[in-house]
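K.L.:
Residue numbering for the sequence shown follows this note's numbering, beginning at 2 and increasing consecutively. Ideal Cβ placement from N, Cα and C applies to all residues, glycine included.
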Amino acid sequence: MDIGKKVNERRKELGLNLRELGELCGLTAGFLSQIENDQVSPSLNSLQSIATALKVPMFYLINNTPSGLVVKADERSKVFFPDSKIGYDLLTPDFSRQMMSIIIRLNPFSKRIAMPLARSTEQWMHILSGKMRIIIDTETFELTKGDTIYYDGDLLREFGSINDEELEIICCITPPVF
């Protein structure tokens, strides 16, 4: 199932028209119509805004993996946002659990500014490769392969790759929010 179809189905489940959804997520009805008809691909920020307005985790809109106990490496839901130079692999089978796990990949020397989340979370990151700078509240940390960090998601300000190799991170989030 594609993003547009999922947005359309969830919007109708909630009894919203395009204008009402647009007011909730700060996007125009015309742009939402283009998304629903697969004429455009939303940015990461737009996708998060839509998911929040539809009261679903962001990965609900992009996940094509059937529920179950196992997620095979070659069957993971994957998404890459060229505008943010960031990619995600969903490691958990669905969103009915109390935690979600993802692999995050950032291009060399790219960063991600944290977006406000719809609810409070706890997050854990493990660095698989690369070197990361992360800002939690007012503290800055530099982490390398094998390092981990655990923090309240509300305090995440920014993280990014600070060298010339891809940054690859496993991130666990509870409760699921994407």
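(1) Mind checking who Asp153 pairs with in its DSSP beta bridge?
(2) Rounded to whole angstroms, what's the CA-CA distance from Thr149 to Ile171? Just pull it up for me.
(3) Look at the alpha carbon of Met2 and the alpha carbon of Leu62, and state the distance between them as a whole number of angstroms.
(4) Please name the residue in Leu28, Leu91, Phe110 whose C-alpha comes closest to that of Asp75.
(5) Specify the secondary structure class of Asp148 as computed by DSSP and reduced to three states.
(6) Let me confirm a value: Phe142 is counted as buried when at least 16 other C-beta atoms fall within 10 Å, else exposed. Which label applies?
(7) Would you check if the distance between the CB atom of Ser44 and the CB atom of Leu107 is smaller than 9 Å?
P.N.:
Put simply:
(1) Glu123
(2) 9 Å
(3) Its pLDDT being 48, under 50, Met2 is placed unreliably in this model, and the value from its coordinates should be taken loosely. Cα-Cα distance, rounded: 9 Å.
(4) Leu91
(5) In this structure, Asp148 counts as coil in the three-state DSSP scheme.
(6) exposed
(7) No, they are not a contact pair.
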